[in-house]
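For reference, the structure is listed below as structure tokens.
Protein chains: 2
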Amino acid sequence: MSQIADIPELVAAAAAGERRALARVLSLVESGGTGAAEVQRALRNAPADGYVIGVTGAPGAGKSTLVGALLRELRLLGDRLRMSGGRRDDGVFIRSMASRGQQGGLAAATQAASLALQCCGWPWVLIETVGVGQVEVDIAAMADSTVLVLNPGWGDAVQANKAGLMEIGDIFVINKADRPGCADTRKDLLSLLAQREGESPPVLETVATEGRGIPALAEAIAARHEKLAASGGLEVRQAGRIARMVRLGMRAEVERRLQTICDSTSFEDEVARVAAGQSAVPDAVERLLSAMDTERHG
Amino acid sequence: MSQIADIPELVAAAAAGERRALARVLSLVESGGTGAAEVQRALRNAPADGYVIGVTGAPGAGKSTLVGALLRELRLLGDRLRMSGGRRDDGVFIRSMASRGQQGGLAAATQAASLALQCCGWPWVLIETVGVGQVEVDIAAMADSTVLVLNPGWGDAVQANKAGLMEIGDIFVINKADRPGCADTRKDLLSLLAQREGESPPVLETVATEGRGIPALAEAIAARHEKLAASGGLEVRQAGRIARMVRLGMRAEVERRLQTICDSTSFEDEVARVAAGQSAVPDAVERLLSAMDTERHG
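Going down the list, the protein sequences come from chains B and Y.
Under our numbering, the first residue of the first sequence carries the number 1, and numbering increases by one thereafter.
Under our numbering, the first residue of the second sequence carries the number 1001, and numbering increases by one thereafter.
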């Protein structure tokens, strides 16, 4: 592929602020193929020291509106959010990842894109996600600060608590706070959060459509950044993310190897032998895996 | 472990109908360890030719009551269900698998237990499961016939359709059919099923608490068995299950190897090198995996 040869050049252009080059760099890292590895190698000397903010919550909670309002506010706080790194201040780059394959693939692609953006000098990366369960856990693993967006009358706070969502939020926002039931939701939330260990996270109220509460939210996000930067928490989180990427990378490669075995005639033969009572499942597993190992060292 | 030495004896006792031996055999195969492999080897010459019936549906659909009524009815049809194999007719053996670990683990444990029961001569195995999504897909992969249990006013048939549940059912049951809305549910169901390729599956109505409709359900299950037996479909499905077990077995072993790497100091070192900008993620992945391969062949 011609773009593979140009990768160092492409990466340099992306790091210098060229948006089309950046888009191509992101497409390459998201694809997870050879091009991704080349990009990651070309970027390895650039520090990935941005601040990653995750925004998550149930569908309809008003996350997109909140994120839109937050983007304007965060840019006003540019210097505070650029404390630890990030050389760029030329606006906002928006990337939709919605169509990047399945859950596991999406998490790996998002993680790789986030890291590449930081290496290209973007001082902060905001990841907005919608979903339940695994997706929120993924975003929490990727972000330095996870903002969990709820609504008044969201009611089943207990249910969300069971789903582990109370554990992953670093900052809680009750959006659409002008609706009835806001005080009750705050009460429920505070009593659930009281069960968490350590310091209580902030619980804020916003009306994103009117910009209400957004400055306080941006302030909470910046304050947490300063705290993490001062305590060394950013480096710890960054190391955790790299560890996770290495694990995901190993798993992807191993899955690829397994798929190759499962598509082979040896696999069919082994299954037929078990079905005929000439072999047992664990023996088939052992033989197929050791054939895979031998092939790689033959 | 002393029981490992006794495994051929234990397996022989289980195959001869001793229930306590069978319970121990099942505990061993479910555990997935060395004992499981020994049991599977000892059983390999016994044909796994039972008929596997899966019963699934939303919580509260009345599956347990239905299964209870069905067990009595199916025993009356003993000869027809024993057509292709199964040497045992001494009642019902019930095993709760609810506490067998996580989803992936539970599926593998259930599959292994089902196969062991068949090898021990049980002519049919009925797997009842509750849950949404993956669990139903798992049961459909394990069963020769999957019975999907719905209720009147179950309403969001469209939702279930989106979840892929319409695809996995071989026989559809509207239980609690004496409740209002049964005709509407049947109508919804038939129009959704009309979109499936091939022959339309039976849609039956039952009131399990009163035994209503149970003989017709047992008849549908037996009729499908005869059809599968005549067409060679049972063998095809059995081979599919073995293939799945081999895949699950390989994945479990590979996960174990990956875990060993992730717990090693080499892993920490590689992560630290990436964090320091001295290496890139794909290089760390490559080095760790090839160290794993070398260790196995060193």
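In this text, a Cβ means the ideal position worked out from N, Cα and C, and glycines have one as well.
Please read all numbers here as calculations on a predicted model, not as lab measurements.
What did DSSP end up calling residue i once you bin it into helix, strand or coil?
i         : result
B:ASN151  : coil
B:THR260  : helix
B:GLY57   : strand
B:SER27   : helix
B:ARG196  : coil
B:SER279  : coil
B:GLY86   : Because the pLDDT at B:GLY86 is just 49, under 50, the model does not fix this residue reliably, and the value given afterwards should be weighed accordingly. Coil.
Y:SER1002 : With a pLDDT of 44 at Y:SER1002, under the threshold of 50, the modelled position of this residue cannot be trusted, and the question is left open.
Y:LEU1189 : helix
Y:ILE1007 : helix
B:ILE168  : helix
Y:GLY1101 : A caution first: Y:GLY1101 carries a pLDDT of 48, below 50, which makes its placement in the model unreliable, though a value can still be read off. Coil, per DSSP.
B:ALA16   : coil
B:ARG95   : coil
Y:GLY1233 : helix
Y:LEU1077 : coil
Y:GLY1062 : coil
B:GLY33   : coil
B:GLY181  : coil
B:ILE242  : helix
Are the CB atoms of residue j and residue i within a distance shorter than 8 Å?
i         : j         : result
Y:VAL1254 : B:ALA243  : no
Y:GLY1057 : Y:LEU1148 : yes
Y:SER1096 : Y:VAL1052 : no
Y:ALA1218 : Y:LEU1026 : no
Y:GLU1128 : Y:ILE1168 : no
Y:ALA1112 : Y:GLU1030 : yes
B:LYS176  : B:ASN151  : yes
Y:LEU1204 : Y:ALA1216 : yes
Y:MET1250 : B:LEU258  : yes
B:ALA107  : B:ASP144  : no
Y:SER1266 : Y:ALA1230 : no
Y:PRO1202 : Y:ALA1220 : yes
Y:VAL1039 : Y:LEU1126 : no
Y:VAL1246 : B:VAL281  : yes
B:GLY277  : Y:PRO1059 : no
Y:CYS1119 : Y:LEU1010 : no
B:LEU70   : B:ILE214  : yes
Y:GLY1054 : Y:THR1146 : yes
Y:ASP1283 : B:ARG41   : yes
B:PHE93   : B:LEU28   : no
Y:ALA1252 : Y:GLY1035 : no
B:GLY121  : B:ALA12   : no
B:THR65   : B:ALA208  : yes
In the DSSP assignment, what residue or residues form a beta bridge with residue i?
i         : result
Y:ASN1175 : Y:THR1206
B:TRP124  : B:TYR51
Y:THR1265 : According to DSSP, Y:THR1265 bridges with nothing at all.
Y:ARG1044 : Looking at the DSSP assignment, Y:ARG1044 forms no beta bridge with any residue, so it has no partner.
B:VAL130  : B:GLY57
Y:ARG1212 : Y:VAL1207
Y:VAL1146 : Note on residue identity: the sequence assigns Thr, not Val, to residue 1146 of chain Y. Answer is Y:GLY1054, bridged to Y:THR1146.
What residues in the stretch 1023 to 1047 of chain Y have a beta carbon less than 8 Å from any beta carbon of chain B? ALA1036, ALA1037, GLN1040, ARG1041, LEU1043, ARG1044, ASN1045, ALA1046, PRO1047
Could you run through the stretch 276 to 289 of chain B and flag, in chain order, every residue whose CB is less than 9 Å away from some CB of chain Y? GLY277, GLN278, SER279, ALA280, VAL281, PRO282, ASP283, ALA284, VAL285, GLU286, LEU288, LEU289
When you check each C-beta in the stretch 243 to 256 of chain B against every C-beta of chain Y, which residues fall closer than 7 Å? ALA243, MET245, VAL246, ARG247, GLY249, MET250, ARG251, GLU253, VAL254
Determine which residues of the stretch 221 to 242 of chain B have a Cβ less than 7 Å from any Cβ of chain Y, and write them out in chain order. GLN238, ALA239, ILE242
Contact list for the stretch 1006 to 1020 of chain Y against chain B, Cβ threshold 8 Å: none
At a Cβ cut of 7 Å, what residues of the stretch 1162 to 1186 of chain Y count as close to chain B, listed as they run along the chain? none
At a CB distance below 9 Å, what residues from the stretch 1256 to 1270 of chain Y approach chain B? Give them in sequence order. ARG1257, LEU1258, ILE1261, CYS1262, PHE1267, GLU1268, GLU1270
So if I threshold CB-CB distances at 7 Å, which residues from the stretch 1115 to 1143 of chain Y count as touching chain B? none
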